[in-house]
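Residue numbers (the working numbering), protein chains in the order written: chain A, 990 to 1365; chain B, 990 to 1365; chain C, 990 to 1365; chain D, 990 to 1365.
There are 4 protein chains.
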Amino acid sequence: TGRTHSVFAPSPRCNFGPKGTLKKIQNDEELIVIQDPSSQRLHWNAPPSNILIIRKPGLSTLPEFQILVVKLLKRRLNVFVASSDRAQVPFDSDADLKESFERCIPFDQKDDLNKIDLVICLGGDGTLLHASSVFQKNCPPVLSFSMGSLGFLTPFDFQFHDKILDEALSGKVAVLLRTRLKCTIIKGGLNNLSPSDTPDLSSQTSETSTSSDVDDALNLALNEVVIDRGPNPYLSNIDLYINDKFITKVQGDGLIISTPTGSTAYGMAAGASMVHPSVPAMVLCPICPHSLSFRPIVVPAGIDLTVKVAEDARLTAWLSVDGRNRLELLQNDSVKMTTSIHPVPCICRFDQVGDWFQSLADILHWNIRKPQLSFD
Amino acid sequence: TGRTHSVFAPSPRCNFGPKGTLKKIQNDEELIVIQDPSSQRLHWNAPPSNILIIRKPGLSTLPEFQILVVKLLKRRLNVFVASSDRAQVPFDSDADLKESFERCIPFDQKDDLNKIDLVICLGGDGTLLHASSVFQKNCPPVLSFSMGSLGFLTPFDFQFHDKILDEALSGKVAVLLRTRLKCTIIKGGLNNLSPSDTPDLSSQTSETSTSSDVDDALNLALNEVVIDRGPNPYLSNIDLYINDKFITKVQGDGLIISTPTGSTAYGMAAGASMVHPSVPAMVLCPICPHSLSFRPIVVPAGIDLTVKVAEDARLTAWLSVDGRNRLELLQNDSVKMTTSIHPVPCICRFDQVGDWFQSLADILHWNIRKPQLSFD
Amino acid sequence: TGRTHSVFAPSPRCNFGPKGTLKKIQNDEELIVIQDPSSQRLHWNAPPSNILIIRKPGLSTLPEFQILVVKLLKRRLNVFVASSDRAQVPFDSDADLKESFERCIPFDQKDDLNKIDLVICLGGDGTLLHASSVFQKNCPPVLSFSMGSLGFLTPFDFQFHDKILDEALSGKVAVLLRTRLKCTIIKGGLNNLSPSDTPDLSSQTSETSTSSDVDDALNLALNEVVIDRGPNPYLSNIDLYINDKFITKVQGDGLIISTPTGSTAYGMAAGASMVHPSVPAMVLCPICPHSLSFRPIVVPAGIDLTVKVAEDARLTAWLSVDGRNRLELLQNDSVKMTTSIHPVPCICRFDQVGDWFQSLADILHWNIRKPQLSFD
Amino acid sequence: TGRTHSVFAPSPRCNFGPKGTLKKIQNDEELIVIQDPSSQRLHWNAPPSNILIIRKPGLSTLPEFQILVVKLLKRRLNVFVASSDRAQVPFDSDADLKESFERCIPFDQKDDLNKIDLVICLGGDGTLLHASSVFQKNCPPVLSFSMGSLGFLTPFDFQFHDKILDEALSGKVAVLLRTRLKCTIIKGGLNNLSPSDTPDLSSQTSETSTSSDVDDALNLALNEVVIDRGPNPYLSNIDLYINDKFITKVQGDGLIISTPTGSTAYGMAAGASMVHPSVPAMVLCPICPHSLSFRPIVVPAGIDLTVKVAEDARLTAWLSVDGRNRLELLQNDSVKMTTSIHPVPCICRFDQVGDWFQSLADILHWNIRKPQLSFD
């Protein structure tokens, strides 16, 4: 059906939530393997009606949250919020506001997952990571407001929310498909490193079909998968396989397998180069490696990575996905990773390329120093 | 026409020399924007007959060079060699060998460029760089023997040359299209950073049509383009533009714009992550930057980069392409770079992915340390 | 008494075990603050008689261990060994060997600590770390055999043990005083960061006099003290003070405070420069810091460092000393570190400077590549 | 005479200019090899009377320069200025100011070198480098005002110049002796790498006595000595010797030999750890080394380094001292470096330790991010 596995990663699914899709490019018959990322624009098959708001907990995002709820209700949209947000919000005896919040629908992570047309994030990069963790398969388009803090994932300023909402709800905005890593844990007895496990190819449902898989809440990483020593003094006998071929032992504190999105997070701290999110790649970055020659490497997004705790390892290792769900890996356990067919479609401010370089300049304090004056 | 400019880089031309092409994949009607690199296999439209041998100068490669010439002549192939190689080779009063060499054709870089079906390199990575510099537009398939030294670009062991020649001449071997950077110098008066200069899109010939271009001998880089301070104490007022938008000033010793191939050469020395050659990307790597936050970045292969010496810069800068052709850049001069449509098709030993990781392990001494024995 | 606290670190005590001391330099009246390290040579006040052997557990070091025991007994020395070594060693029905081992004295870490004149290590760098952990105050001279593995701490080849023993037992060999970090934990309520706690100055016994100190087994680090996130996702509110002045928050995976000796161990893996062990310094090296500008720094050995978990930190942190004794640091806990007056005196092969550069070249594979041949 | 060569570097001379010296510490008879840096305080043998002002060229420092000249003249001090400063300064028809400047003495770099009691710098770090280049042997105490820009070398704010001048002229201020590297070029025919050339030991005058020495203007480096490829494509056959023993070949763009002061300048850009200026050390930092295992190393200040262009090197190399005086090194030429006995005594704002960490925090934007608020 036109979907293939490739060194460039699996061709992503292009329906996002019930109504979102990519704008078809002119040539309708063209069987595109990978559409040029820079031409990707959001298209609504039908007007979006169900909006989920995810906000950073605490008081700091409360004022904007209240404004946003009222504005969306006025647009006759169905507003889903976390039940905790619905209950705990204080209304200062503001009857109208109270009534508004009573019209909000408490989001049920089991039943409402396929109802959401658009997600709006209020807060730092953590809110997008949370959205990603909620939508572990198909993810609706996401609109992210930064609320003051600098981040690579939250391009919009709440100050202009009216105009931004207009544009996002009418579609035609640029969309960046942020790739995610699919991570499958195989407990014990990985007798054969080349099983018929190409789940991304077969069907959407296969992704979580194996009982040995990590549970749904954590098998897609927007930033990175980390295998580290945890509370042990070092990693012992951790082997890295690429396309089922042994590459090297990992000796040190751990190994980060990062998406381009994650390359500006933990990966950057560990010394990886920053990778633009439109590059179809994964970054392998060792944490404090014993060998000076084990430097970060950037590999094609479609490659299959396996990290295995050897049968005779003296110590265990620990896995975490986007910084959550720490899980102990015992001797003989393996983790298989490759790029998922389910990206997170993020609405861009300008376009894919410009947004990222703008964030880079802001966050790294580039251009802060004024050019030196010439001598007179 | 099926050829488009993309964030993933221009779709490469897929005829290599007079007869080499990529093996068509099954679905003939499919208008592929980018074929999956891992399925790229060499196909000969007609049996190859004209072979160019490029060898490392000096005595070290002479024995294998003589063997190869004789073997190729026996296969009734036309053997092109550098005229210096033809003349200077000593034959130790071996009449047969002498006669063989007299049958070799001295390679004329002007007239014979489009006659060569296959290039065979004998020597280190430098021989492939030389081949790339010779074939500045369309480049025939290249078969590289390493002659003992370790390198990322020379996968084959001469010991098995008979079998390797059989396979390469019959086609169906895996081919890695190593991307090159196209580099255009615009002297002075770059009044407008957004001219209608998208030469890769229009036609093949446009690549060198402008008189202001750098001369043919150096405008395609297989490894990297470097803008550095040269003999000056530092860079002064060098501006980096991406897609014609100002990104940052470059302060330090210089800036490397590298292909994935070059990321394991000068780029690695300057601190860049190593990028697999199948990743459609360029690496921007500052040399000794003044700012700790100017770290190497990996950007999509299709982006347009411009480096400009500002009008009021106190010092000039220097350009070099694959370590050659140093050229001074004056105030107001610009260098525009993007991925070329003319890759260098390199015949693989196993496949794209496996070859590279094998080189990585060999060159970086991975796996040299035996796994630690468990305690008894 | 000529001993002062200094930016260069406290003047080390120069009696090592019951009989070892530094050879006095000519000018006897000279009140030397710090003797030039390169002139430091071992001197025995009386012939050494009590030798402790520390070996790497397992079978690999057993043959040399047996040889060494027999040789030392023949020299009429008292040989102390770990009781486990004495009991578990198999003697293959070798009656003489059995009798020899029965003459060995089981080392009692409480009672025999001050009896040992010389320590001999058989094994990798780990054996010297173990020796350092045993002698937490005054440490006798140490002679280290490498047993095949490469290491910075084990300069001698067992093959030449007879000659080496002759020289070491007669004194006059060069000695490198490897500095150690003294590490004091202050649990909770560190009301005042400038208490009158300069324990190194007052007297030798003060080092472990406070009940709140970490127990004797771990308060001197030969390699490094690490404060890290342990199983937490990140460090929260960890403050670094230098000479009781707030310097910066530490954000990332952790902070390594390393001796020069440790700069080629964990510090190197985390990106620190390698520091020659004769440089009176400590290295502060962040582990995966969030900020690109928090780079490793080298500070004078005599500075007082304090790392404090802030009162309002959301998470705890973890401490380890030379990779052992992990200990949780709660809110308000502090760790104070400075250079101890009790170095580990290591017998050199050639001299302080030469030994280290030899190890550097061996371990980092310097000089493996033959110089490139000139063209002919 | 109490002066010795040591692994810790030669004991520095402690008379700075005609009148400056270090405050003697209590114990007068003590033959101190190295006084604790943190107790070093300036002492005037007689009231200072001759002040040299060095300012950054251009208009930016002119107002403060004029104020300073008038203030110093009012204190009845002799004010030396560059003749260019004396001539070119515009006075806007201010007769008093004009008269003041006529009382300034044009500084003659040959005749007045030994008359200056105190140097005052106005401008960035470059002004201190200039002062260092002027006083190539004995250097008087230096007081540096930063004039707005951030720098490690210019601790004082001009706003408080009255108070600062009072303190500096009365002495007793803390002084940091910034070490310099002495650099001797031996042209050709270095037949023997162990000649009797220990110039720092013999006498002060020996430092420039050899005719083969580089000329006086450039043989002491406050920041660093650099040997690099210059306009060549790479370094060829450059050998590094430590204490006349071959250590390694240098392959890459170059080698920086830096003082601790320079470790926060070019050294930092090339990846060296930042070294506190009170640590008696030199930093060896390769520039873009071919080998991943050639990392920056910190060695004792008293070690002798030699960099030699091998006899059979195919290319030359280039030397520069503090970024100036580029000089070509031919085959067989050597450069010998060690710590000089002539430091630059810099007046501190608070003290040695505090000043540096303050600069570090300011320049690297430490502490800019507010601590994260705790959740409510």
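By construction, the Cβ of each residue, glycine as well, lies at the ideal position given by its N, Cα and C atoms.
Being a predicted model, the structure only gives us computed values, none of them experimental.
Item, Value
"Just the C-alpha distance for C:Lys1359 and D:Ser1280, rounded to the nearest angstrom, thanks.", "At C:Lys1359 the pLDDT is 37, less than 50, meaning the model places this residue with poor confidence; the figure from the coordinates comes in the next sentence. When rounded, the distance between both Cα atoms is 13 Å."
"Can you tell me where the alpha helix (DSSP H) with A:Gly1256 in it begins and where it stops?", "Tyr1255 to Ala1258"
"Tell me whether B:Ala1254 is buried or exposed, calling it buried when 16 or more other Cβ atoms sit within 10 Å of its Cβ.", "buried"
"Residues of chain C with CB closer than 8 Å to the CB of A:Ala1259, please, in chain order.", "Cys1277"
"Go through the stretch 1074-1148 of chain A residue by residue and report every complete run of the alpha helix (DSSP H) that reaches 4 residues or more, in order.", "1084-1092 and 1114-1123"
"List the residues of chain A that D:Ser1133 touches, going by C-beta distances under 7 Å, in chain order.", "Result: empty, since nearest Cβ-Cβ is about 19 Å, beyond 7 Å."
"What are the start and end residues of each continuous beta strand (DSSP E) run of 3 or more residues lying completely inside the stretch 1215-1295 of chain C, in chain order?", "1227-1231, 1234-1239, 1243-1247, 1270-1276 and 1286-1289"
"Using the DSSP secondary-structure output, state which residues sit across from D:Val1070 in a beta bridge.", "D:Ile1042 and D:Pro1095"
"So what's C:Ile1330 in DSSP terms, helix, strand or just coil?", "coil"
"CB-CB under 7 Å to D:Val1068, same chain, minus the five flanking residues each way: which ones, in chain order?", "Ile1040, Ile1042, Val1058, Leu1061, Leu1062, Cys1093 and Ile1094"
"Chain B beta carbons: is any one of them nearer than 8 Å to that of A:Ser966?", "Nothing about residue 966 of chain A can be reported from this structure: the residues present for chain A run from 990 to 1365 only."
"Just to confirm my understanding: we take B:Pro1383, look at its own chain, exclude 5 residues before and 5 after, and list those with CB closer than 7 Å. What are they?", "The requested residue 1383 of chain B does not occur in the structure, where chain B is confined to residues 990 to 1365."
"With a Cβ-Cβ cutoff of 8 Å, do B:Gly1219 and D:Pro1220 count as a contact?", "yes"
"At least one CB of chain D closer than 8 Å to the CB of C:Ala1350: is that the case?", "yes"
"Between which residues of its own chain and C:Glu1300 is the CB-CB distance below 7 Å, once the five residues before and five after are set aside?", "Gln1320 and Asn1321"
"When the cut-off is 8 Å and only beta carbons count, does B:Leu1353 lie next to chain A?", "yes"
"Can you check DSSP and say which residues form a bridge with A:Thr1173?", "A:Lys1325"
"Where do the ends of the beta strand (DSSP E) carrying D:Ser1309 lie?", "Ala1306 to Val1310"
"Contact defined as beta carbons within less than 8 Å: I believe D:Pro1285 pairs with D:Val1272. What is the distance between those atoms, to the nearest angstrom?", "6 Å"
"Report the three-state DSSP secondary structure of B:Glu1300 (helix, strand or coil).", "coil"
"Using a cut-off of 8 Å between C-beta atoms, extract the partners of A:Ser1282 located in chain D.", "Leu1281 and Ser1282"
"Hey, could you find the ends of the beta strand (DSSP E) B:Leu1166 is sitting in?", "Val1164 to Arg1167"
"Of all the options A:Ile1174, A:Arg1169 and A:Ile1246, which has the alpha carbon lying nearest to the alpha carbon of A:Ala1210?", "A:Arg1169"
"Name the residues in the stretch 1106-1129 of chain C whose C-beta lies less than 7 Å from a C-beta of chain F; which are they?", "Reference to chain F is not applicable here, since the protein chains of this structure are A, B, C and D."
"Assign B:Asp1344 to one of two classes, buried (16 or more other C-beta atoms within 10 Å of its C-beta) or exposed (fewer than that).", "buried"
"If you draw a straight line from the C-alpha of C:Cys1337 to the C-alpha of C:Lys1297, how long is it?", "38 Å"
"Taking any Cβ of chain D, which residues in the stretch 1213-1237 of chain C have a Cβ under 7 Å from it, in chain order?", "Asn1226, Ile1231, Asn1232, Lys1234, Ile1236 and Thr1237"
"Over what stretch of residues does the beta strand (DSSP E) that includes A:Leu1057 continue unbroken?", "Unbroken run through A:Leu1057 is the alpha helix (DSSP H), Leu1051 to Lys1063; no beta strand (DSSP E)."
"Taking beta-carbon pairs under 9 Å, can you tell me which members of the stretch 1305-1335 of chain A lie near chain C?", "Trp1307, Ser1309, Gly1312, Arg1313 and Arg1315"
"What whole-angstrom Cβ distance do A:Asn1208 and A:Thr1250 have, given they're in contact under 8 Å?", "Actually they do not touch by this definition, with Cβ atoms about 17 Å apart."
"Taking Cβ-Cβ distances shorter than 7 Å, what residues in chain D pair up with B:Gly1177?", "Going along chain D, no residue has its Cβ under 7 Å from B:Gly1177, so there is no contact; the nearest lies around 23 Å."
"Can you find a C-beta in chain B that's less than 8 Å from the C-beta of A:Ile1245?", "no"
"When DSSP labels each residue in this structure, what does A:Leu1316 get in the three-state scheme?", "strand"
"Going by DSSP in three states, D:Leu1209 sits in which element: helix, strand or coil?", "strand"
"Would you kindly work out how many angstroms separate the C-alpha atoms of A:Gly1260 and B:Lys1152, rounded to a whole number?", "43 Å"
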